[in-house]
Amino acid sequence: MSDRLHLTHLPSLTTERDGQDVIRGLTQQPKSLPSYYFYDAAGSRLFEQICELPEYYPTRTELGILETAAGAIAQLTGACELVELGSGSDRKIRLLLSAYAHVQPRLYYRPIDVSGSILKTSAMALLADYPQLSIHGLVGTYQVGLEHLPPPLAPRRLLCFLGSTIGNLSPRECQTLFQQIHRVLRDGDYFLLGVDLIKDTSILLPAYNDAQGVTAAFNRNILHHLNWRFQGNFQPEAFAHRAIYNPIAQQIEMYLDSQHTQTVTLAALDFQCTFAAAEPILTEISRKFDLVALKAALTAAGFRWINAFTDPQQWFALCLCQV
Ligand code: AVI
512 MSDRLHLTHL PSLTTERDGQ DVIRGLTQQP KSLPSYYFYD AAGSRLFEQI CELPEYYPTR
572 TELGILETAA GAIAQLTGAC ELVELGSGSD RKIRLLLSAY AHVQPRLYYR PIDVSGSILK
632 TSAMALLADY PQLSIHGLVG TYQVGLEHLP PPLAPRRLLC FLGSTIGNLS PRECQTLFQQ
692 IHRVLRDGDY FLLGVDLIKD TSILLPAYND AQGVTAAFNR NILHHLNWRF QGNFQPEAFA
752 HRAIYNPIAQ QIEMYLDSQH TQTVTLAALD FQCTFAAAEP ILTEISRKFD LVALKAALTA
812 AGFRWINAFT DPQQWFALCL CQV
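For what it's worth, this note's numbering labels the leading residue of the sequence shown as 512, then goes sequentially.
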């Protein structure tokens with residue numbers, strides 16, 4: 512099986528995750544933290560739990576769309592090498608691999624993920640179930656991974672960015688990523704983008720304020736992670752989880768509110784910071800999309816829009832476009 516699995520460890524961007532981004536966020540007003548610090552091992556496990564919560568509809572809605580649309584997507588594109596930004600749980604890519612098994616004899620999958628261990632675990636499970644599959648994983652950030660994509664092993668590529676992870680990027684970051692994806696793909700290649708759509712706050716708010724408090728634990732875990740990584744003394748329980756919907760920016764905003772005045776030190780960064788009582792830290796935005804505006808953004812980046820596959824309630828969409 513190992514001859515069907517290759518992992519390449521990519522150089523990291525020195526400016527990323529070295530703590531300067533944390534200092535920048537905590538010295539700004541209002542304070543913020545880069546949301547990629549959520550995903551240490553504990554944070555990734557908590558996110559897996561979030562995906563199973565009754566209130567968190569995006570994962571099962573997207574899976575439902577893929578169950579009905581994967582066959583049509585494979586027929587539309589023909590044989591493709593599948594590239595995926597992020598590899599987390601493999602349930603979604605399995606639906607696509609099974610559909611592509613009907614249009615090509617050999618399957619090629621290139622996941623790009625910062626976690627080599629997550630990538631390897633999911634790759635081993637996929638290889639056991641798909642004997643015709645070869646996997647080449649790229650361990651690194653999306654931006655670096657995209658720049659290091661080797662030539663495709665099938666006539667075309669389908670680059671998948673699922674789970675509405677795009678919603679965690681600002682509009683400017685999102686447009687930059689669309690442009691990068693368009694630049695690294697070749698003429699005729701495809702881009703499949705999963706996005707959470709704008710909907711009533713009675714559905715949106717519980718998804719980020721679940722009854723079991725898993726999202727609250729996920730949010731506070733960013734402080735545990737900073738403590739571990741930068742020798743910090745954050746007391747995560749002294750910060751309260753809060754998630755609101757901002758209708759102007761069309762996004763969920765997650766905050767950690769300081770419960771009292773406190774000073775925190777990150778010894779490894781030689782950094783100290785004081786929080787006033789009730790002072791918030793913005794830890795995540797999760798944008799919700801309108802298909803007309805999204806189509807305009809993708810078209811502006813050079814893509815040709817093909818189709819949006821949605822669920823009956825129009826809560827989520829899988830957008831297929833081509834270079
Ligand atoms: C990973 N991302 C798409 C999730 C979201 O819904 O924005 C992260 C998350 N944050 C809280 N719950 C889930």
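Here a beta-carbon is modelled for each residue, glycine too, at the ideal position from N, C-alpha and C.
- Message: Contact defined as beta carbons within less than 8 Å: I believe Leu608 pairs with Leu577. What is the distance between those atoms, to the nearest angstrom?
- Response: About 11 Å; that fails the 8 Å criterion.
- The alpha helix (DSSP H) spanning Trp739 covers which residue range? Val725 to Phe741
- Message: Taking the straight line between their C-alpha atoms, what separation do you get for Tyr620 and Ala788?
- Response: 49 Å
- State the DSSP-derived secondary structure class of Glu658, mapped to helix, strand or coil. helix
- Exposure label - Arg556; buried when at least 16 CB within 10 Å: Arg556 should be labelled exposed.
- Item | Any non-hydrogen atom of the ligand AVI closer than 8 Å to Tyr547 Cβ | no
- Query: Would you report the Cα separation of Glu563 and Ile677, rounded to the nearest angstrom?
  - Reply: 20 Å
- From Glu764 to Thr579, what distance separates their C-alpha atoms? Each residue's Cα considered, the two are about 31 Å apart.
- Task: Could you spell out where the alpha helix (DSSP H) holding Arg694 opens and where it closes?
- Result: Pro682 to Val695
- Relative to the C-alpha of Leu596, which residue among Leu587, Ala610, Thr588 and Leu649 is closest? Leu649
- Item | Backbone secondary structure at Leu664 - three-state DSSP | coil
- Return yes when at least one heavy atom of the ligand AVI lies under 8 Å from the C-beta of Arg763, else no. The question names Arg, yet the displayed sequence has Ile at residue 763. Checking the Cβ of Ile763 against the ligand AVI gives yes.
- Task: Compare the C-alpha of Ala718 against each of Tyr756, Tyr567, Gly530 and Pro747 and name the closest.
- Result: Tyr567
- Query: Taking Cβ to Cβ, would you say Lys542 is nearer than 9 Å to Leu574?
  - Reply: no
- Limits of the alpha helix (DSSP H) - the one that Asp532 falls within: Its alpha helix (DSSP H) spans residues Gln531 to Thr538.
- Task: Report yes if the C-beta distance between Arg740 and Ala779 is below 9 Å; otherwise report no.
- Result: For the 9 Å CB-CB criterion, Arg740 and Ala779 form a contact.
- Opposite Gln773 in the DSSP bridges: which residues? Residue pairing by DSSP places Gln773 opposite Phe786 in a beta bridge.
- May I ask you to check if the CB of Asp707 is nearer than 8 Å to at least one heavy atom of the ligand AVI? yes
- Out of curiosity, what's the CA-to-CA distance linking Leu630 and Ile623? 8 Å
- Task: At 3 residues or longer, and completely inside the segment 565-620: list those beta strand (DSSP E) runs for me, N to C.
- Result: 591-596
- Identify every residue that forms a DSSP beta bridge with Thr519. Leu649
- Determine the direct distance from the alpha carbon of Ser633 to that of Pro616, and round the result to whole angstroms. Each residue's alpha carbon lies about 22 Å from the other.
- For the ligand AVI, any of its heavy atoms closer than 8 Å to the Cβ of Thr519? In terms of side-chain proximity, the C-beta atom of Thr519 is found no nearer than 8 Å to any non-hydrogen atom of the ligand AVI.
- Query: When the distance is taken between beta carbons, is Val706 closer than 9 Å to Phe827?
  - Reply: yes
- Name the DSSP bridge partner or partners of Ser543? Leu793
- Just checking, does the segment 691-703 make contact with the segment 655-665 on the three C-beta pairs under 8 Å criterion? yes
- Message: Please determine whether the Cβ atom of Ser523 lies at a distance below 8 Å from any heavy atom of the ligand AVI.
- Response: No, the Cβ of Ser523 stays beyond 8 Å of every heavy atom of the ligand AVI.
- Message: What does the alpha-carbon distance come out to for the pair Ile646 and Glu592?
- Response: 10 Å
- Does the beta carbon of Asn732 fall short of 8 Å from some heavy atom of the ligand AVI? no
- Spatially closest choice to His520 from Tyr611, Ala804, Ser628 and Asn720, by CA coordinates: Ser628
- Top-ranked residue by Cα proximity to Gln762, from Leu680, Tyr701 and Leu637: Leu680
- How about Ile792: is its Cβ closer than 8 Å to a heavy atom in the ligand AVI? no
- Can you give the beta carbon distance from Gln770 to Phe750, rounded, assuming they're within the 8 Å contact cut? That belief holds up - the Cβ atoms of Gln770 and Phe750 are roughly 7 Å apart, short of 8 Å.
- Buried or exposed (CB count within 10 angstroms, at least 16 for buried), Glu684: exposed
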